[in-house]
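Engineer: Sharing a structure, written as C-alpha cells. Questions coming.
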RNA sequence: GCCUCGGUAGUGUAGCGGCCUAUCAUACGGGCCUGUCGAGCCCGUGACACGGGUUCAAAUCCCGUCCGAGGCGCCA
C-alpha cells in the first residue's frame, strides 16, 4: 500500500499507510497510543485491545515504523490526525536511552545537541532554521540571476604562498603544500578580466583563526559577487537588493517555519541607510569614546553605532589600513577607501568595495601591506591585459550562516550550521 | 593568544569540607488505569571527568591533565 504523508491525511483516504518516527508512546491497560512524526507533521496511532502485541510494548522512542489502518474522520486526538491501526511494522528500532532526547521538556546543551545532531534536527524548530536558510539563499540566487550574474565555482584548494591576514589551513597536495581558500576574492576578480562581467559564488570558505565566540565558524558558506564596470555604490545597491530578495523569499515560502522558530521578521525598505566611517568616529567622540582611525570598531563601539539604526545599514569609507590590498583608495583622500560594510545593528554581515584595477597601483598596495607581489603573479597577470574597473562584496567573517543568525535573532552561530566547525569541533 | 567560568545518572540540574550509602525534574524498567494527549498515581534502576595532594574526613579545598562554555583579541 502506498504511503501517505501525515500532512496529507484527509477524509478522502480512509485506508492509509503512514510512516515515520515514534515521538511519544502512551500505554494504558487496553489501548496504546503512538505519536508518529514524519517530515510533514504529527498524527496519533491508536492500537486497541487485541491488536496490541507484546513487542509493541518494547518500542522505543524515535524508532521508525509504518502503520496501516483507518484514518479516523473526526480525530478524538488533540493531535488532530488519528489513525486506528490494523497493522504495525517496525522498520528499525532506536536504541535506548537516547543520547539526546529531542522532545524531553529539559533542554540540552548546545554541545550535546551538536554531538547528536541527527537527533537534534528532528525537532521542527531546529530543522526550520535550515529550511529558512535554504529559502534565504534561493531568494538571493534568484535575484542575482535576474541581474545577469553567472554562478561560478572557484578552487577551494589554493597555493597562496603568503599569509596576508587570516590564517589558512595547510593541506598536503601531492608534492606541494597548499591551503584551503578563505575567500574566492582573487578568482572572482580574474573572472572579471575574463569577461564574465558579473559573477557570484556560494561556497565554503575556511579560516584557521583560533577564535572562540558565538559568531565565528572556521568553515562557513560565503556568498560573494563581483561586477565589472562598476563601483562601490553599484555593489551596495546589489547587496541591499539581494538581501531584501532573500528575506522576501523567506517571508513568501517559510511562514510556518518562522512560526516554529518563533521569530517574526519584516522587510526593510531600500536603500538602507549609509553612514561613513568618519561619521561613526564622530558619534563615538560624542559619547566620550575617541576612536583611533587606524583601528577597527570594537564590539562595544559597534553597539553604540548600531543603536542608532533599526536594522540594516552601511558603514562606508573605511580607512585603507583596515582594508585588504585590493580595495580602491578614495581619490579625494587616499587614507580612506571606496569600501563598505553591511551591518545589522552591532553585527557585521558583509564587506565590499570598489577594487583596484590598475596593476601598478595593485603592486603598490601589496607592498604597502607587506606582501610580495610575486606571490600573486597569477592574479596580477589578469590585470595587465585589460581589466575593467570593478567592485563586489563577500563575507569576510561568516556569510550565509551569520545572515541566518541575524535574521532569526539566534544567540549562537552554531545553530545555523548543520555540522559546525569551530575551534575544537571537527566531528560529527 | 589572553581573561573568566564550568565538568554530578541518558538528558538538564541541586549540593560547594562531616547532615551526601548525593537533590529535583525528565527519561528508562515494573505495576495500576479502553482514549490518553506536558497523561496520572505507586515502586524501582541509574551519576560526583581523570590523576595526584591537603585533611581525622573531599562531589566540595589545592595542583596537574583532558573536555567544554562565554568574553576579548585575531578575522587579504
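In our numbering, the protein residues as written are 2 to 429.
Note that CB positions come from ideal geometry on N, CA and C, so glycine has one too.
For residue 215 and residue 425, I'd like the C-alpha separation in whole angstroms.
Structural biologist: Residue numbering aside, residue 215 sits at position 214 when the first chain is read from its first letter. Residue numbering aside, residue 425 sits at position 424 when the first chain is read from its first letter. Going by the C-alpha atoms only, they are around 13 Å apart.
Engineer: Output needed for residue 95: all residues of its chain with C-beta closer than 7 Å, excluding positions within five of it in sequence on either side, in chain order.
Structural biologist: Within the first chain, numbered from 1, the residue matching residue 95 stands at position 94. Closer than 7 Å at Cβ, skipping near neighbours: 61, 62, 63, 64.
Engineer: Quick one: what does DSSP say residue 1 is sitting in, helix, strand or coil?
Structural biologist: Summary: the structure shown does not reach residue 1, with the chain confined to residues 2 through 429, and so no result is reported for it.
Engineer: For residue 228, does the three-state DSSP call read helix, strand or coil?
Structural biologist: Position 227 of the first chain, counting from 1, holds the residue named residue 228. Strand, per DSSP.
Engineer: Who are residue 53's beta bridge partners in DSSP?
Structural biologist: Position 52 of the first chain holds residue 53. The partner list for residue 53 (beta bridge, DSSP) is empty, contrary to what the question assumes.
Engineer: On a CA-only basis, which of 69, 240, 268 is nearest residue 253? Give me that one, please.
Structural biologist: The sequence position of residue 253 within the first chain is 252, counting from 1. If we check each option's Cα against that of residue 253, 268 comes out closest.
Engineer: According to DSSP, is residue 417 part of a helix, a strand, or is it coil?
Structural biologist: For the purposes of this step, residue 417 is taken as the residue at position 416 of the first chain. In the structure shown, residue 417 sits in a helix (DSSP, three-state: H, G or I).
Engineer: Considering only DSSP beta bridges, list what residue 342 is partnered with.
Structural biologist: Mapped onto the first chain, residue 342 falls at position 341. Paired residue(s): 316, 352.
Engineer: Within 10 angstroms of its Cβ, does residue 174 collect 16 or more other Cβ (buried), or is it exposed?
Structural biologist: Along the first chain, read from residue 1 onward, the residue named residue 174 stands at position 173. Residue 174 is exposed by the Cβ-count criterion.
Engineer: Alpha carbon to alpha carbon, how far is residue 109 from residue 241? Give it in angstroms, no decimals.
Structural biologist: The residue you call residue 241 lines up with position 240 of the first chain. The residue you call residue 109 lines up with position 108 of the first chain. The alpha-carbon atoms of residue 241 and residue 109 are separated by roughly 37 Å.
Engineer: I'd like the list of long-range same chain contacts for residue 163, defined as Cβ closer than 6 Å, with 5 residues on each side in sequence excluded.
Structural biologist: Here residue 163 refers to the residue found at position 162 when the first chain is read from its first residue. Residue placement at residue 163 cannot be trusted, given a pLDDT of 49 that sits under 50; what the coordinates show is reported in the next sentence. Contacts found: 372, 376.
Engineer: Do you know whose CA, among 361, 395, 374, lies nearest residue 385's CA?
Structural biologist: Along the first chain, one-based indexing puts residue 385 at 384. That would be 361, whose Cα lies nearest to the Cα of residue 385.
Engineer: Report the residue ranges of all beta strand (DSSP E) runs contained in full by the segment 5 to 66; include only those spanning at least 3 residues, in chain order.
Structural biologist: Within the segment 5 to 66, the complete beta strand (DSSP E) runs of at least 3 residues are 16 to 28, 32 to 39, 42 to 49.
Engineer: Take every Cβ of the segment 302 to 313, pair it with every Cβ of the segment 190 to 205, and state whether three or more of those distances are shorter than 8 Å.
Structural biologist: These segments do not touch.
Engineer: Run through the DSSP bridge pairs and tell me what residue 88 is partnered with.
Structural biologist: As a first step, residue 88 is located in the first chain; it is residue number 87 there, counting from the start. In the DSSP output, where bridge partners are listed per residue, residue 88 has 69.
Engineer: Which residue spans inside the segment 185 to 209 form an unbroken alpha helix (DSSP H) run of at least 4?
Structural biologist: Taking only runs of at least 4 residues, the alpha helix (DSSP H) segments lying wholly in the segment 185 to 209 are 186 to 194.
Engineer: Per DSSP, which residues does residue 174 bridge with? Please list them.
Structural biologist: By one-based count along the first chain, residue 174 stands at place 173. According to DSSP, which records beta bridges pairwise, residue 174 is partnered with 177.
Engineer: Give the secondary structure of residue 337 by DSSP, where H, G and I count as helix, E and B as strand, and everything else as coil.
Structural biologist: Locating residue 337 in the first chain gives position 336, counting from the first residue. The answer is strand: DSSP assigns residue 337 an E or B state.
Engineer: Grouping DSSP H, G and I as helix and E and B as strand, with all else coil, what is residue 307?
Structural biologist: For the purposes of this step, residue 307 is identified with residue 306 of the first chain, where counting begins at 1. Residue 307: helix per DSSP, three-state reduction.
Engineer: Taking the straight line between their C-alpha atoms, what separation do you get for residue 147 and residue 239?
Structural biologist: In the first chain, counting from the first residue as 1, residue 147 sits at position 146. In the first chain, counting from the first residue as 1, residue 239 sits at position 238. The straight-line gap from Cα to Cα measures roughly 11 Å.
Engineer: Name the DSSP bridge partner or partners of residue 221?
Structural biologist: Position 220 of the first chain holds residue 221. 206, per the DSSP bridge assignment.
Engineer: What number of angstroms, rounded off, separates the C-alpha of residue 125 from the C-alpha of residue 40?
Structural biologist: Taking the first residue of the first chain as 1, we reach residue 125 at position 124. Taking the first residue of the first chain as 1, we reach residue 40 at position 39. Going by the C-alpha atoms only, they are around 9 Å apart.
Engineer: Nearest by alpha-carbon distance to residue 278: which of 337, 220, 311 is it?
Structural biologist: Reading the first chain from its first residue, position 277 is the one you call residue 278. Checked all of 337, 220, 311; the closest Cα to residue 278 is 337.
Engineer: If you drop the 5 nearest sequence neighbours on each side, which residues of the same chain put their C-beta closer than 8 Å to that of residue 374?
Structural biologist: For the purposes of this step, residue 374 is taken as residue 373 along the first chain, with counting starting at 1. Cβ within range, chain order: 363, 364, 367, 368, 381.
Engineer: By the 10 Å Cβ neighbour count, where 16 or more other Cβ atoms means buried, how is residue 83 classified, buried or exposed?
Structural biologist: Within the first chain, numbered from 1, the residue matching residue 83 stands at position 82. Buried is the call here.
Engineer: Assuming the contact rule is C-beta atoms closer than 8 Å, residue 273 and residue 313 should be a hit. Round their C-beta distance to whole Å, please.
Structural biologist: Walking along the first chain from the start, residue 273 turns up at place 272. Walking along the first chain from the start, residue 313 turns up at place 312. Going by Cβ atoms, the distance from residue 273 to residue 313 rounds to 4 Å, so yes, they are a contact pair.
Engineer: Hey, quick one: how far does the alpha helix (DSSP H) through residue 140 stretch, first residue to last?
Structural biologist: Numbered from 1 along the first chain, position 139 holds the residue referred to as residue 140. Looking at the DSSP string, the run of the alpha helix (DSSP H) that includes residue 140 is 125 to 147.
Engineer: In terms of alpha-carbon separation, which member of 128, 423, 114, 37 lies closest to residue 8?
Structural biologist: By one-based count along the first chain, residue 8 stands at place 7. Checking every option, the nearest Cα to that of residue 8 belongs to 37.
Engineer: Is the Cβ-Cβ distance between residue 389 and residue 232 less than 9 Å?
Structural biologist: Locating residue 389 in the first chain gives position 388, counting from the first residue. Locating residue 232 in the first chain gives position 231, counting from the first residue. Contact flag unset, no.
Engineer: To which residues of the same chain is residue 327 closer than 6 Å at the C-beta, ignoring the five residues directly before and after it?
Structural biologist: Residue numbering aside, residue 327 sits at position 326 when the first chain is read from its first letter. Cβ within range, chain order: 356, 357.
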